[in-house]
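Residue numbers (numbering that gives the first Met the number 0), protein chains in the order written: chain C, 0 to 387; chain D, 0 to 387; chain V, 0 to 387; chain Y, 0 to 387. Only one structure is covered here, and it is reproduced in the block below.
Number of protein chains: 4
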Amino acid sequence: MRYLTAGESHGKQLTTIVEGVPSYLPLTTEDINESLLERQKGHGRGKRMQIEKDLVDIVGGVRHGYTLGSPIALVIHNDDFKHWIDVMGEDPVEDPQAVRRIVSRPRPGHADLNGALKYGHRDMRNVLERSSARETAARVAAGAVAKKLLAELDINIVGYTKEIAGIKAVEFPDYTYEERDNKSKASSVRCLDPQAAEQMVNAIDQAKKDGDSIGGVVEVFVEGLPAGIGSYVHYDRKLDGRIAGAVASINAFKGVEFGIGFEAARLPGSQVHDEIAWDKEHGYYRKTNRLGGLEGGMTTGMPLVVKGVMKPIPTLYKPLQSVDIETKEPFNASIERSDSCAVPAAALVMEHVVAFEIAKAILEQFPHDQFPKLQEAIKNYREEIRVF
Amino acid sequence: MRYLTAGESHGKQLTTIVEGVPSYLPLTTEDINESLLERQKGHGRGKRMQIEKDLVDIVGGVRHGYTLGSPIALVIHNDDFKHWIDVMGEDPVEDPQAVRRIVSRPRPGHADLNGALKYGHRDMRNVLERSSARETAARVAAGAVAKKLLAELDINIVGYTKEIAGIKAVEFPDYTYEERDNKSKASSVRCLDPQAAEQMVNAIDQAKKDGDSIGGVVEVFVEGLPAGIGSYVHYDRKLDGRIAGAVASINAFKGVEFGIGFEAARLPGSQVHDEIAWDKEHGYYRKTNRLGGLEGGMTTGMPLVVKGVMKPIPTLYKPLQSVDIETKEPFNASIERSDSCAVPAAALVMEHVVAFEIAKAILEQFPHDQFPKLQEAIKNYREEIRVF
Amino acid sequence: MRYLTAGESHGKQLTTIVEGVPSYLPLTTEDINESLLERQKGHGRGKRMQIEKDLVDIVGGVRHGYTLGSPIALVIHNDDFKHWIDVMGEDPVEDPQAVRRIVSRPRPGHADLNGALKYGHRDMRNVLERSSARETAARVAAGAVAKKLLAELDINIVGYTKEIAGIKAVEFPDYTYEERDNKSKASSVRCLDPQAAEQMVNAIDQAKKDGDSIGGVVEVFVEGLPAGIGSYVHYDRKLDGRIAGAVASINAFKGVEFGIGFEAARLPGSQVHDEIAWDKEHGYYRKTNRLGGLEGGMTTGMPLVVKGVMKPIPTLYKPLQSVDIETKEPFNASIERSDSCAVPAAALVMEHVVAFEIAKAILEQFPHDQFPKLQEAIKNYREEIRVF
Amino acid sequence: MRYLTAGESHGKQLTTIVEGVPSYLPLTTEDINESLLERQKGHGRGKRMQIEKDLVDIVGGVRHGYTLGSPIALVIHNDDFKHWIDVMGEDPVEDPQAVRRIVSRPRPGHADLNGALKYGHRDMRNVLERSSARETAARVAAGAVAKKLLAELDINIVGYTKEIAGIKAVEFPDYTYEERDNKSKASSVRCLDPQAAEQMVNAIDQAKKDGDSIGGVVEVFVEGLPAGIGSYVHYDRKLDGRIAGAVASINAFKGVEFGIGFEAARLPGSQVHDEIAWDKEHGYYRKTNRLGGLEGGMTTGMPLVVKGVMKPIPTLYKPLQSVDIETKEPFNASIERSDSCAVPAAALVMEHVVAFEIAKAILEQFPHDQFPKLQEAIKNYREEIRVF
């Protein structure tokens with residue numbers, strides 16, 4: 000399973016092609032829209048999120064509610080494009096100087112300047128239109144297909160907020176997927192801990208008032224994975240490596256950790272590892288899950304738990320100093336509108352990004368031409384490892 | 000540039016093939032041996048490291064001290080194999096029951112059990128021989144080629160220990176690559192801070208006495224990277240994603256972070272981003288480097304700074320509970336010999352793993368058939384972005 | 000450079016995403032439409048080609064007539080979809096039995112039966128909608144981007160018909176690209192030889208009358224390639240291997256050959272190889288081009304010449320025997336409408352498929368972030384090898 | 000499944016790493032040596048083939064006669080390297096001018112000149128040592144693993160000579176795999192037709208006498224493939240495309256065709272396609288196999304038949320004109336020793352190259368962690384499609 004995305008933030012549309020999905024996976028427009036709409040939620044989002052509803056159009060690979068086995072094409076139209084035709088149109092323009100909204104002032108914390116240097120863009124709109132976090136909608140669309148596939152295999156995945164601006168949610172180690180999913184959806188900051196959530200909301204409002212922005216930590220929890228997904232035999236097949244790579248490629252993410260993560264540097268080995276137990280009913284299992292369900296590049300059968308950290312959005316009302324690339328004069332990067340905190344949405348994005356990597360690993364390991372056969376193979380595998 | 004490795008811990012040899020290296024890169028056996036020998040150093044390693052010296056044999060792709068452009072093959076022989084022929088030989092055996100050193104007891108924290116379930120190994124030696132951290136020697140060999148390539152482009156990279164068992168080294172933000180490299184090599188725990196280093200040594204000795212193991216945080220620092228390496232245009236081309244993926248695939252690593260990393264969740268946006276400055280001599284630059292030299296999936300021209308966390312080695316004298324897969328009886332996983340702390344070596348491994356990803360990204364971006372042309376192209380690019 | 004395509008023959012649209020194109024390549028809708036319209040021409044096409052004009056909509060990666068460096072998304076809408084919503088819509092249907100146009104009768108020579116067995120499709124419309132040669136329009140769109148890139152590097156490529164139904168065009172070894180392109184476009188069967196062309200037209204008409212179909216051989220000619228594109232160092236980097244792989248993946252193609260191709264089995268070595276000459280003005284050159292401009296997996300600097308063979312279209316008025324997969328009863332595969340010969344269009348498709356592989360190989364070898372820099376690098380390389 | 004090879008013709012060794020092989024495939028040194036020794040046979044080979052016996056050393060991934068699931072490393076040592084240390088050693092030399100056997104005279108038909116231009120080699124030994132057909136021994140080693148895997152799935156593959164220097168073997172359409180394998184091995188030119196074989200031997204002897212070389216056509220025949228291997232859903236997953244790409248990347252191959260191949264350009268559609276039949280015992284089958292067992296990018300269940308053409312070896316006693324790259328003087332490329340015909344060996348090489356692509360396609364489609372499970376899955380699939 001692989002995918003490509005295309006599209007600029009104010010362009011005509013976002014396009015995603017997902018190749019390698021089995022035939023006969025049930026999949027509807029609603030399945031994907033549900034994910035897209037969740038992405039737009041969250042206390043602290045700017046106005047744009049409220050105005051435009053992202054809706055998918057499935058334009059290939061699905062017929063009568065089932066995948067065909069052929070590549071799936073997903074389009075998210077940009078209704079606002081009609082106001083951007085002059086600025087973003089694909090046709091040549093007579094007078095390049097007359098183009099409006101040229102960006103010669105790179106924003107710190109964005110791809111603007113580095114992208115301009117690399118691709119030779121003097122109008123940095125050419126960078127920011129693609130480097131914008133809007134592209135994550137296309138990744139969520141791809142991930143929604145993966146999430147549906149996993150759900151049909153009884154593998155459920157949810158992302159939520161663990162920390163915003165230093166406010167940490169308490170741990171609920173015993174919460175099931177369902178509890179996490181319900182509580183996450185019920186919270187305006189996608190946080191399982193109502194007390195922390197309230198503080199987070201206040202912190203977001205305060206940041207907005209201050210013209211500042213705040214970041215946070217999000218967690219993705221995956222329930223139902225059998226042991227042995229991934230591999231230890233070659234470095235680029237380890238599941239943790241693949242997940243970390245995908246997560247760190249999400250806009251504004253600066254770190255990833257599995258299970259207790261960086262805490263593993265502070266604890267002795269005897270308190271880090273998950274002892275192995277067995278009983279006739281369940282087969283092998285662990286009493287703890289400090290390693291986040293991953294050991295030796297493979298799943299252990301315990302829930303997979305991975306965190307990512309998102310830096311505060313760099314587009315601040317509070318200006319950051321930068322330099323105009325034409326005049327070389329310093330200026331204060333000020334903006335018109337922005338989100339003050341995108342962490343809740345980031346939880347949703349990371350959920351879908353992780354879903355894609357897990358689904359991909361499963362498809363590599365099991366027969367995947369026809370989805371019902373995959374279902375059966377997973378079922379058989381669960382039994383095989385139970386009695387191993 | 001791509002590579003494959005092969006070889007079991009007690010097998011005949013480790014083999015690495017690196018494909019895609021330009022012609023006329025100066026490269027000698029010594030260049031690679033230097034890295035391999037550094038990997039074996041470090042207070043807290045077990046006896047094995049002291050007995051066997053890993054030495055490379057270049058068996059393809061290099062002639063008279065220069066790369067040919069053809070694939071480079073690197074072999075690290077295992078002198079001890081003669082004692083393991085019966086156990087690890089490739090030839091069929093008459094009586095599989097008579098094979099010695101069968102492993103039916105999976106060690107928590109290792110790939111043993113998950114690998115057995117996945118590949119159907121009832122003798123888990125078939126897992127541990129490959130999942131062993133010994134394979135990192137093969138990855139270091141590949142990374143040594145990359146490191147040499149980078150050095151010849153005036154891009155220098157060093158890994159060192161930031162934290163062991165909760166003991167944190169102080170920050171030396173102004174240290175150059177050279178200072179970091181010198182101080183790292185001078186320290187038995189590869190730590191820049193001598194006070195912390197002393198405490199770390201003590202902690203390692205104490206852990207050994209306790210029959211326990213300890214982990215830590217390592218940092219890799221890369222100096223000399225021009226801005227614009229990596230890309231924002233597609234998620235799988237972002238340099239941070241690729242580095243995170245490679246680092247998280249190192250044995251026992253449980254997390255990765257760039258620059259201030261998880262601290263970004265606690266600071267307001269105005270204190271996270273690196274403002275952009277310019278002067279005629281240097282072109283664009285940053286006064287701070289909180290984002291670790293990466294912005295929008297690309298380098299910023301500041302040093303690239305990335306940390307990884309290594310969990311304590313799971314092979315402890317202090318036993319962890321597990322279950323024999325044949326008898327299903329619980330047992331205490333006890334071991335004969337082991338390292339109590341492998342963090343210093345992990346710093347070296349991560350250095351080489353990061354070097355490979357960076358070299359790969361550079362080769363994708365610049366002409367790379369002939370190394371001297373690559374050198375010239377990098378030089379020209381540095382000037383172009385200086386005057387951009 | 001890589002691409003994915005999606006879309007069913009009677010679905011909403013064909014979608015192509017091309018990733019890895021440099022910034023600042025001039026590219027317009029017209030550039031791509033020109034290729035798409037050429038694909039629809041050719042004596043012997045059925046009615047469908049005449050009714051629907053394929054036109055591209057560039058929906059990502061291009062702004063104001065230039066590529067941005069970001070992925071390029073290309074859409075070819077299917078205006079006829081409104082008549083196919085019930086049959087091909089993505090939404091679940093209440094009564095799957097009521098769906099019209101179910102295909103339970105596999106056509107010999109098509110993917111129908113094999114695809115049904117693999118993906119478990121009992122309605123083989125699920126196969127044929129994707130396996131249809133209509134998908135080549137999406138590949139032509141991707142190839143048109145490559146063709147434009149090559150043209151701007153003074154590398155020109157054209158495909159034409161060499162043989163239809165055993166009627167062979169004479170060789171015009173001295174024709175330039177321009178002559179080949181002009182004569183090909185002027186011919187209703189895309190054949191350089193007017194006498195042969197006339198016979199081919201007659202053969203096509205006769206086949207139509209007979210209710211039969213005919214195939215042929217097409218040739219692609221590439222002028223302006225410098226020597227040394229491709230590589231000998233690893234098998235999967237050889238340019239001939241990559242071109243052969245891409246050509247053999249075109250619908251209905253059953254063979255590929257370079258230069259004299261299969262004739263090389265009949266001639267002594269002294270009459271097969273192209274002797275090497277040199278003069279001050281041109282540097283190294285060849286007096287003959289029997290090997291089709293490829294030697295050791297790389298270009299020689301002579302025109303690249305590659306042929307492909309297309310089998311006759313299997314959808315015949317003259318019935319072929321097959322078996323209904325529901326009733327297991329034999330039936331005669333009869334059809335309502337069809338092309339009797341698609342060879343001229345196949346020449347155009349192959350031209351674009353080869354263009355993509357060549358552009359890809361060039362982008363791997365030269366700096367490719369910014370197109371003007373690529374142009375300069377190619378210019379410099381041409382001079383370097385001239386004076387080598 | 001993927002592989003890399005490394006090694007120069009007169010270097011220390013050839014190295015192959017094959018990654019992605021399931022665990023518990025029976026595999027011995029003999030399995031691979033059998034293939035290597037077959038490669039060295041054949042009337043018309045030069046002396047080198049008779050002196051050195053290529054023997055493999057399995058140095059990773061296999062234990063006690065079974066694969067481990069970890070990467071397999073295969074080494075073919077070059078005993079003659081001791082005589083080549085000065086010329087080919089990896090260590091820097093004091094006086095590069097003093098190096099013996101510098102090659103400044105490119106041989107037409109070889110990679111010498113194009114490789115020199117690309118990689119900047121003024122000593123073209125740096126090209127020819129890697130571009131030499133000796134590398135095919137490393138590919139045969141990789142293919143031998145694939146061939147063993149296929150054999151254990153009752154999929155058998157054999158390559159043989161169809162034509163040498165215009166002498167064509169008659170067709171034996173009804174020969175089984177076993178007959179083809181036996182007759183091929185019994186013939187000194189690996190030809191099924193004893194009359195043609197005799198003429199071929201004479202032609203080879205005559206060519207040798209003439210100081211010339213001759214090429215030919217080889218065919219690979221694969222029996223036992225179930226229908227539906229490969230895919231039509233995306234161009235780069237079509238099995239014919241992959242096989243053609245791999246075959247065209249074999250040294251000296253100039254063309255590939257499937258089934259009747261180029262003949263398809265001369266026959267009407269009604270005589271090209273393979274009608275579909277069915278009976279209760281066999282399920283679907285074809286009465287003819289004109290398309291060579293491939294339709295729509297997938298297997299049909301009939302034997303896969305693919306031909307490749309090898310040009311005459313360009314290293315002739317009969318000189319070809321070329322130019323010294325230092326003096327720019329023309330010279331006659333003369334040689335000391337050579338094969339006059341390598342077609343029989345090419346049949347063996349192609350057999351192994353095709354085996355690898357088929358095994359790879361099967362592993363992508365079926366569960367492949369444990370070989371016994373793959374066996375069972377193939378068995379079940381055969382039954383499923385029989386009763387489809």
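The beta-carbon is built from N, C-alpha and C at its ideal position, and this holds for glycine as well.
In this structure, does DSSP put N331/C in helix, strand or coil?
Residue mapping note: residue 331/C aligns to position 332 of the first sequence, counting from 1. Of the three classes helix, strand and coil, the one that applies to N331/C here is strand, per DSSP.
Rounded to whole angstroms, what is the Cα-Cα separation between L191/D and D235/C?
Translated into positions along the second sequence, residue 191/D becomes position 192. Translated into positions along the first sequence, residue 235/C becomes position 236. Approximately 31 Å between the Cα atoms of the pair.
Do I390/C and F387/D have their C-beta atoms closer together than 8 Å?
Here chain C has residues from 0 to 387 only, and residue 390/C is not among them.
Euclidean distance between Cα positions of F365/Y and V308/D:
For this step, residue 365/Y is matched to residue 366 along the fourth sequence. For this step, residue 308/D is matched to residue 309 along the second sequence. Cα-Cα distance, rounded: 37 Å.
Hey, which unbroken runs of the beta strand (DSSP E) at 3 residues or more fall wholly within the region 30-83 of chain Y?
55-59, 65-67 and 71-76
Residues, ordered as in the chain, of the region 222-235 of chain D that lie near chain C by beta-carbon distance below 9 Å
Among the residues of the region 222-235 of chain D, those with a Cβ less than 9 Å away from any Cβ of chain C are P225, A226, G227, I228, G229, S230, Y231, V232, H233, Y234 and D235, in the order of the chain.
Only counting the same chain, and skipping five residues up and downstream in sequence, which positions put a Cβ closer than 8 Å to that of P371/C?
Indexing the first sequence from 1 puts residue 371/C at position 372. For P371/C, where only same-chain residues beyond five positions count, the Cβ hits under 8 Å are Y23.
Could you tell me whether the region 144-156 of chain C touches the region 218-228 of chain C, where touching means 3 or more Cβ pairs closer than 8 Å?
yes
Could you check if K327/Y is buried or exposed, using at least 16 other CB atoms within 10 Å of its CB as the buried criterion?
In the fourth sequence, counting from the first residue as 1, residue 327/Y sits at position 328. Exposed, by the Cβ-count rule.
Can you tell me whether DSSP reads M301/Y as helix, strand or coil?
Within the fourth sequence, residue 301/Y is the residue found at index 302, counting from 1. It is coil, neither helix nor strand.
Can you have a look at P389/Y and say buried or exposed, based on whether 16 or more other CB atoms are within 10 angstroms of its CB?
No information on residue 389/Y is available, as it lies outside the stretch 0 to 387 that chain Y covers here.
Can you tell me where the beta strand (DSSP E) with V188/C in it begins and where it stops?
Counted from its first residue, the first sequence places residue 188/C at position 189. Taken as a continuous stretch (DSSP letters only), V188/C belongs to no beta strand (DSSP E), as it is neither H nor E.
Could you check if H42/Y is buried or exposed, using at least 16 other CB atoms within 10 Å of its CB as the buried criterion?
The sequence position of residue 42/Y within the fourth sequence is 43, counting from 1. In the assembly as shown, H42/Y is a buried residue. Its beta-carbon has 16 or more other beta-carbons within 10 Å.
What span of residues does the beta strand (DSSP E) with T15/C cover, start to end?
Here the question's residue 15/C lines up with position 16 in the first sequence. Residues Q12 to E18.
Using the DSSP secondary-structure output, state which residues sit across from Q369/V in a beta bridge.
As a first step, residue 369/V must be located in the third sequence, where it is residue number 370. Paired residues: S22/V.
Residues of the region 360-373 of chain V in Cβ contact with chain D at a cutoff of 7 Å, in chain order, please.
Q364, F365, P366 and D368
Taking DSSP as the reference, what is the three-state secondary structure of G142/D?
Here the question's residue 142/D lines up with position 143 in the second sequence. Reduced to three states, the DSSP call for G142/D is helix.
What does K306/Y pair with, by DSSP beta-bridge criteria?
In the fourth sequence, the residue the question calls residue 306/Y occupies position 307. Paired residue(s): E218/Y and E256/Y.
Output yes if chain D places a C-beta closer than 8 Å to the C-beta of G260/V; else output no.
Start at 1 with the first residue of the third sequence, and residue 260/V comes out as number 261. So, not an interface residue.
Where DSSP assigns a beta bridge to E294/C, which residues make up the other side?
The residue given as residue 294/C occupies position 295 in the first sequence. DSSP output for E294/C lists M297/C as bridge partner(s).
Is it a yes or a no for the region 279-299 of chain C touching the region 290-309 of chain D, going by three-plus beta-carbon pairs under 8 Å?
no
Per DSSP, A168/Y is paired with what?
Walking along the fourth sequence from the start, residue 168/Y turns up at place 169. Paired residues: none, contrary to the question.
For G108/D, go through chain V and note every residue whose CB falls closer than 8 Å to its CB, in chain order.
Against the second sequence, residue 108/D aligns to sequence position 109. By Cβ distance, chain V contributes nothing, its closest Cβ being about 38 Å from G108/D, past 8 Å.
Are the C-beta of E294/Y and some C-beta of chain C separated by less than 8 Å?
Stepping through the fourth sequence from its first residue, residue 294/Y is reached at position 295. Chain C, which has no Cβ nearer than 8 Å to the Cβ of E294/Y, makes this no.
For L362/D, tell me which candidate among V144/D, S212/D and D173/D has the shortest Cα-Cα distance.
To locate residue 362/D, count along the second sequence from 1; it is residue 363. Of the candidates V144/D, S212/D and D173/D, the one whose C-alpha sits nearest the C-alpha of L362/D is V144/D.
With a 10 Å radius around its C-beta and 16 neighbouring C-beta atoms as the bar for buried, classify A141/Y as buried or exposed.
Position 142 of the fourth sequence holds residue 141/Y. Around the beta carbon of A141/Y, a 10 Å sphere encloses 16 or more other beta carbons of the protein chains shown; the residue is thus reported as buried.
Going by DSSP, which residues form a beta bridge with E162/D?
Position 163 of the second sequence, counting from 1, holds the residue named residue 162/D. DSSP output for E162/D lists K167/D and V216/D as bridge partner(s).
Classify E246/D: buried if its beta carbon has 16 or more other beta carbons within 10 angstroms, exposed otherwise.
Taking the first residue of the second sequence as 1, we reach residue 246/D at position 247. In the sequence under discussion, the amino acid at residue 246/D is Val, which differs from the Glu named in the question. Buried, since its Cβ has 16 or more Cβ neighbours within 10 Å.
Nearest-angstrom Cα distance between I249/C and T175/V?
The count along the first sequence starts at 1 and reaches residue 249/C at position 250. The count along the third sequence starts at 1 and reaches residue 175/V at position 176. I249/C and T175/V: Cα-Cα distance of roughly 50 Å.
Could you list which residues in chain C have their beta carbon closer than 7 Å to that of M87/V, in chain order?
Residue 87/V sits at position 88 when you count from the first residue of the third sequence. Neighbours of M87/V on chain C, chain order: R62.
Distance CB(Y159/C)-CB(E218/C) smaller than 8 Å
Counting from 1 along the first sequence, the entry for residue 159/C is found at position 160. Counting from 1 along the first sequence, the entry for residue 218/C is found at position 219. Yes, the Cβ-Cβ distance between Y159/C and E218/C is below 8 Å.
Anything in the region 2-32 of chain D with a Cβ closer than 7 Å to a Cβ of chain V? List those residues in chain order, please.
So the close ones are E18.
Bridge-paired residues (DSSP) for A276/V
Working through the third sequence from its first residue, we reach residue 276/V at position 277. Its beta-bridge partners are Y284/V.
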